[in-house]
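Number of protein chains: 2
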Amino acid sequence: MDLIAVVVAVTDHAPSVLTVGPANALPSGPFELGHRSLQFGLRTWVEQQTGHQLGYIEQLYTFADRDRIGEERQQRVISISYLALTRAEHAAGSAKRAWRSWYDYFPWEDHRSGAPSLISGILQPRLLAWANGAGQDVERRERLQRAAIAFGFDGRDWNEELVLQRYELLYEAALVEEATRASEQGGSILISGTSMIADHRRILATGIARLRSKIKYRPVVFELMPPVFTLLKLQRTVEALSGRLLHKPNFRRLVEQQDLVEETGETTADTVGRPAKLFRFRHAVLDERVAAGTKLPLSRA
Amino acid sequence: MDLIAVVVAVTDHAPSVLTVGPANALPSGPFELGHRSLQFGLRTWVEQQTGHQLGYIEQLYTFADRDRIGEERQQRVISISYLALTRAEHAAGSAKRAWRSWYDYFPWEDHRSGAPSLISGILQPRLLAWANGAGQDVERRERLQRAAIAFGFDGRDWNEELVLQRYELLYEAALVEEATRASEQGGSILISGTSMIADHRRILATGIARLRSKIKYRPVVFELMPPVFTLLKLQRTVEALSGRLLHKPNFRRLVEQQDLVEETGETTADTVGRPAKLFRFRHAVLDERVAAGTKLPLSRA
DNA sequence: TTCAATTATGCTCCAAGTGAGTATAATAGA
DNA sequence: TCTATTATACTCACTTGGAGCATAATTGAA
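Protein sequences, first through last, are from chains A and B.
Each residue of the first sequence is one higher than the one before, starting from 1 at the first, in this note's numbering.
Each residue of the second sequence is one higher than the one before, starting from 1001 at the first, in this note's numbering.
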């Protein structure tokens, strides 16, 4: 039984993921008898292994691949993956681990300067070719539609939450390195981002998708912020995570009217332009607020 | 390694969960080597065990309790829980299993006829007593706030998604039978709903919460509907799941403007009053639509 | 000293979405 | 024929979210 962690921090406009070893791998370790619980086990050895105190931890997914068979005992290896949020400063240095921007692994996911040319230049034509290579006509149309929805072709909106769907499409179309491992044909077209060992990039995609979704209805961003920050810093962090730019006045309105932060009374001094007020997270909201957001047409009756 | 299933169907205004054995238990079984994947394993033996074809399946949570220790080998038992949706008619009869309304287990969750008197009559005073029994004043206030948010005290809105939080509060306050098992004091006040073996009621609460949340942004209700239905039937199903009443005109508007259904051309004949048009689910939406719902103040720039 | 550049902050507008109520249509049964 | 009952359509007010503009406060260069 393995525990695998997607540990995320945001440093200077780059959303980073913690990797270990020379190859690109997510930190992982066995679940041991001494551990009080799964979460506690994860917390323990991530701190041992990387010197990182984890703040927010959330379970992602449990899987048991066919490939993942233990050697001696005839037993399937189960992997339980987690998403963890922390701040990069929390760590002491070590040669074995490194922070790396998650856009190294998913370059098509960063739309802060518009849609990357990688998409229209390379991914789109190859995905279309893959779709048209389908045997049946129904299958062909289905592939075209999936690609169009996931990547926003044909004038569709970009949906930043579809990280996993996009990765899976590229995998099926053999446009990521992992897809060509099993077959003997070997590295045909290694265009799309840095790959990781085993299925770690897929797990990372799951984590990013979960985080991009979660920041919209739970105040988890603050786990990635220093104790005191400006509203623009907060905005830049959300932008780094979601991979898109936000409308400044509306972002402030959203944050303020939800009472997520309070002024410290101080202002920044080190920047150009008008000094910004400094804020801190109102920890009380963690108790007060609960994910509201009903989409059902309720009746008061 | 165990797989545990929360199998849900809706029959005649009652949201039902599939239980097995004389005691109240969720169907569960071991994950075996022959199984292609976890989901496949679950599907296989639920069908064997209960004769039920499962439609939609979704992983809930994986846990490894301290209590859950295997006998011979010194190894922790891992449980992976799933939410599965089906239709009650899909099954052949069997003495070993039974459908049971989930409001038998959580009577405080059904608000279709207003807030149950159980809440204000029994739960609220006992929860307040429990909160006031806290040692420290901070702890006391925290308990009061948690209870108020979860159950909608002090004029707060009822949030139907907080199923798990409510169950956990009642557990902490020793108002459900499960809480008194470990201690020797034994059955003090078994007021709150039918209990289940081990932690199955907690898993059921997780499943209900997930489903109540999911119906708001994904068209999963249709997994519980017959192929053809009226809009009112559909509404009643959603109401059964969410435990609250919906506004009829607005519910129709929501369903229609999202193009979730299409007319069959037929109408009902067997009912009183004006015959209703019959609809079927537009399966195409599963491909077309993707959970939209952005809450970030995006910028087109 | 003045002005341009830059960042911060506050405000308005408009369109879409959502809660709520009302009106009309079509059936069965008294 | 009238009444009860269910279905269906429409209107209205209010909130929310995207977008743009105006003003404030600072730094640094002309």
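Heads up, the beta-carbon is just placed ideally off N, CA and C, and yes, glycines get one too.
When you compare the CB of Leu1038/B with every CB in chain A, is at least one pair closer than 7 Å? By 1-based counting over the second sequence, the position of residue 1038/B is 38. It does; some Cβ of chain A falls within 7 Å.
Range covered by the beta strand (DSSP E) that runs through Leu1085/B: By 1-based counting over the second sequence, the position of residue 1085/B is 85. Ser1079 to Leu1085 is the extent of the beta strand (DSSP E) around Leu1085/B.
Exposed or buried, which one is Tyr82/A when buried takes at least 16 other CB atoms within 10 Å? Start at 1 with the first residue of the first sequence, and residue 82/A comes out as number 82. Taking every protein chain shown into account, the CB of Tyr82/A has 16 or more other CB atoms within 10 angstroms, so this residue is buried.
Neighbourhood of Val1285/B by C-beta, 8 Å cutoff - its chain only, sequence neighbours within 5 removed: Stepping through the second sequence from its first residue, residue 1285/B is reached at position 285. Cβ neighbours of Val1285/B beyond the five flanking positions: Pro1219, Gln1258, Asp1259 and Leu1260.
Helix, strand or coil for Gly70/A per DSSP? By 1-based counting over the first sequence, the position of residue 70/A is 70. Caution is warranted here: a pLDDT of 44 is assigned to Gly70/A, below 50, making its placement in the model unreliable, and the coordinate value is therefore given only provisionally. It is coil, neither helix nor strand.
Chain B residues whose Cβ lies nearer than 9 Å to that of Glu142/A: Residue numbering aside, residue 142/A sits at position 142 when the first sequence is read from its first letter. Under the 9 Å cutoff, chain B gives Asp1287.
DSSP state of Lys1096/B, grouped into three classes? Start at 1 with the first residue of the second sequence, and residue 1096/B comes out as number 96. Residue state, collapsed to three classes: coil.
Partner residues on chain B for Arg1/A, Cβ-Cβ distance less than 7 Å: Locating residue 1/A in the first sequence gives position 1, where the first residue counts as 1. The identity of residue 1/A in the sequence shown is Met, whereas the question assumes Arg. Under the 7 Å cutoff, chain B gives Ile1078.
Close-in-space but distant-in-sequence residues of the same chain around Val1010/B (CB under 6 Å, 5 per side omitted): Position 10 of the second sequence, counted from the first residue, corresponds to residue 1010/B. Contacts found: Leu1224, Thr1237 and Ala1240.
Ignore the nearest five residues each way along the sequence and tell me which others in Gly41/A's own chain have a CB closer than 7 Å to its CB. As a working mapping, residue 41/A is identified with position 41 in the first sequence. For Gly41/A, where only same-chain residues beyond five positions count, the Cβ hits under 7 Å are Leu3, Phe31, Glu32 and His35.
At what residue ranges does the segment 1223 to 1277 of chain B contain a whole run of the beta strand (DSSP E), taking only runs of 3 or more? 1261 to 1267
Can you have a look at Gly1243/B and say buried or exposed, based on whether 16 or more other CB atoms are within 10 angstroms of its CB? Here residue 1243/B is taken as the residue at index 243 of the second sequence, counted from 1. It counts as buried.
Could you name the residues of chain B that Ala174/A contacts, counting a contact when the two beta carbons are closer than 8 Å? Here the question's residue 174/A lines up with position 174 in the first sequence. The contacting residues do not exist; Ala174/A stays about 22 Å from chain B at best.
I need the DSSP call for Ile1004/B, collapsed to helix, strand or coil. As a position in the second sequence, residue 1004/B is number 4, starting the count at 1. Looking at Ile1004/B - three-state DSSP - the assignment turns out to be strand.
Given that Thr237/A touches chain B, what residues does it touch there, using C-beta distances under 9 Å? As a first step, residue 237/A is located in the first sequence; it is residue number 237 there, counting from the start. Per Cβ cutoff of 9 Å: no residues; Thr237/A is ~12 Å from chain B at best.
One question on the structure: do Val108/A and Val17/A come within less than 7 Å of each other, judged by their Cβ atoms? Stepping through the first sequence from its first residue, residue 108/A is reached at position 108. Stepping through the first sequence from its first residue, residue 17/A is reached at position 17. First, the amino acid is wrong: residue 108/A is Trp here, not Val. Their beta carbons are not under 7 Å apart, which means Trp108/A does not touch Val17/A by this criterion.
Looking at Arg1100/B and Arg1019/B, is the spacing between their C-beta atoms short of 7 Å? Numbered from its first residue, the second sequence carries residue 1019/B at position 19. Numbered from its first residue, the second sequence carries residue 1100/B at position 100. The sequence shown places Thr at residue 1019/B, rather than the Arg named in the question. For Thr1019/B and Arg1100/B, yes; Cβs fall inside 7 Å.
Who are the Cβ neighbours of Glu47/A in its own chain at under 8 Å, not counting the five residues just before and after it? Here the question's residue 47/A lines up with position 47 in the first sequence. Excluding sequence neighbours, Glu47/A sits near Gln53 and Leu54.
Determine the burial state of Glu1072/B: buried for a count of at least 16 other Cβ atoms within 10 Å of its Cβ, exposed for fewer. For the purposes of this step, residue 1072/B is taken as the residue at position 72 of the second sequence. Residue placement at Glu1072/B is flagged as unreliable, the pLDDT there being 46, under the threshold of 50; a coordinate-derived value is accordingly withheld.
With a CB to CB cut of under 8 Å and the five nearest residues on each side skipped, what residues in its chain are close to Thr230/A? Locating residue 230/A in the first sequence gives position 230, counting from the first residue. Counting only Cβ-Cβ distances below 8 Å, and skipping sequence neighbours, we find Thr268, Ala276, Lys277, Leu278 and Phe279.
Can you give me the Cβ contacts of Thr1294/B inside the same chain, cut-off strictly under 8 Å, excluding the 5 residues immediately before and after it? Translated into positions along the second sequence, residue 1294/B becomes position 294. Only weak support is given to the placement of Thr1294/B: the predicted model assigns it a pLDDT of 46, under 50, and the value that follows is read from those uncertain coordinates. None.
Taking the beta strand (DSSP E) that Ser1028/B falls in, what are its first and last residues? Taking the second sequence and counting its residues from 1, one reaches residue 1028/B at position 28. Here the beta strand (DSSP E) through Ser1028/B covers Ser1028 to Pro1030.
Closer than 7 Å, CB to CB, is Arg1068/B near chain A or not? Within the second sequence, residue 1068/B is the residue found at index 68, counting from 1. Residue confidence is low: Arg1068/B scores 44 on pLDDT, short of 50, so the model does not pin down where it sits. No coordinate-derived value is stated.
Enumerate in chain order the residues of its own chain whose CB-to-CB distance from Ala1301/B is below 7 Å, with the five nearest sequence positions on each side excluded. Residue 1301/B sits at position 301 when you count from the first residue of the second sequence. The predicted position of Ala1301/B is uncertain, since its pLDDT is 43 and thus under 50; a value taken from the coordinates is nonetheless stated next. Nothing meets the Cβ criterion.
Residues of the segment 1044 to 1065 of chain B with Cβ closer than 9 Å to any Cβ of chain A, in chain order: Those residues of the segment 1044 to 1065 of chain B that come within reach of chain A (Cβ to Cβ, closer than 9 Å) are Gln1059, Tyr1061, Thr1062, Phe1063, Ala1064 and Asp1065.
Which one of His1200/B, Ile1215/B, Gly1193/B and Gly1155/B has the shortest CA to CA distance from Phe1106/B? Within the second sequence, numbered from 1, the residue matching residue 1106/B stands at position 106. The candidate whose alpha carbon is nearest that of Phe1106/B is Gly1193/B.
Quick one, are the C-beta atoms of Ala198/A and Leu164/A less than 7 Å apart? What you label residue 198/A is simply residue 198 of the first sequence in a count that begins at 1. What you label residue 164/A is simply residue 164 of the first sequence in a count that begins at 1. Going by C-beta atoms, Ala198/A is not nearer than 7 Å to Leu164/A.
Taking the alpha carbon of Gln49/A as the reference point, which residue from Ala5/A, Leu38/A and Ala64/A has its own alpha carbon closest? Looking up residue 49/A in the first sequence gives position 49. Closest in C-alpha terms to Gln49/A, from the list Ala5/A, Leu38/A and Ala64/A, comes Ala5/A.
Using beta carbons (cut-off 7 Å, strictly below), is Glu71/A in contact with chain B? Here residue 71/A corresponds to residue number 71 of the first sequence, with the count starting at 1. Bear in mind that a pLDDT of 47 at Glu71/A, under 50, signals an unreliable position, so the model cannot answer this.
Check whether the Cβ atoms of Leu162/A and Ala147/A sit closer than 7 Å, and answer yes or no. Reading the first sequence from its first residue, position 162 is the one you call residue 162/A. Reading the first sequence from its first residue, position 147 is the one you call residue 147/A. Result no, Cβ atoms of Leu162/A and Ala147/A do not sit closer than 7 Å.
Going by the CB atoms, is the gap between Ala173/A and Trp130/A shorter than 7 Å? Numbered from its first residue, the first sequence carries residue 130/A at position 130. Numbered from its first residue, the first sequence carries residue 173/A at position 173. Yes, Cβ-Cβ distance for Trp130/A and Ala173/A is below 7 Å.
Excluding five sequence neighbours on each side, which residues of the same chain lie with their C-beta closer than 6 Å to the C-beta of Asp43/A? Walking along the first sequence from the start, residue 43/A turns up at place 43. For the record, residue 43/A in the displayed sequence is Arg; it is not Asp. Excluding positions up to five away in sequence, the list reads Leu54.
Ordered along the chain, which non-local residues of its own chain (more than five positions away) have a Cβ less than 6 Å from that of Tyr1171/B? The sequence position of residue 1171/B within the second sequence is 171, counting from 1. Only Ala1179 meet the Cβ criterion.
Contact set between Gln145/A and chain B, taken where Cβ atoms lie within less than 9 Å: As a working note, residue 145/A is residue 145 in the first sequence. Think of a sphere of 9 Å around the beta carbon of Gln145/A: the chain B residues whose beta carbon falls inside it are Asp1287 and Glu1288, in chain order.
Whose C-alpha, out of Asn1250/B, Arg1087/B, Lys1214/B and Tyr1061/B, is nearest the C-alpha of Val1008/B? What you label residue 1008/B is simply residue 8 of the second sequence in a count that begins at 1. The shortest C-alpha separation from Val1008/B is found at Arg1087/B.
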